Amino acid sequence: MECEEALDPLSGITYGLIHNDPEVVERGRRTLRRLHRTQSA
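Take the sequence shown: its letter number 35 is residue 35 in full-length UniProt numbering, and every next letter is one higher.
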């Protein structure tokens, strides 16, 4: 996985955790899973 591609979802996860926003956290995690799957294929 390209490092730059992961920065946006990671920042979203961080933001969601700091601001107690589970929807933002889950969106970031889904994006990371999708990126990981596309890089593994």
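Every residue gets a Cβ at the ideal spot worked out from N, C-alpha and C, and that includes glycine.
Note that the structure is predicted; figures quoted are calculated from it, not measured.
Please classify residue i: does DSSP put it in a helix, a strand, or coil?
{"i": "Glu5", "result": "helix"}
{"i": "His19", "result": "coil"}
Applying the 10 Å Cβ sphere with the 16-neighbour rule, what's the burial state of residue i?
{"i": "Pro22", "result": "exposed"}
Quick one: residues in its chain with C-beta nearer than 6 Å to the C-beta of residue i, no 5 flanking neighbours on either side, listed in chain order?
{"i": "Glu2", "result": "none"}
{"i": "Gly28", "result": "Pro9, Gly12, Ile13"}
{"i": "residue 44", "result": "The first residue shown for the chain is 1 and the last is 41, placing residue 44 beyond what the model contains."}
Identify, in the order they occur along the chain, each residue of the same chain with its Cβ nearer than 7 Å to the Cβ of residue i, setting aside the five sequence neighbours on each side.
{"i": "Leu17", "result": "Val25"}
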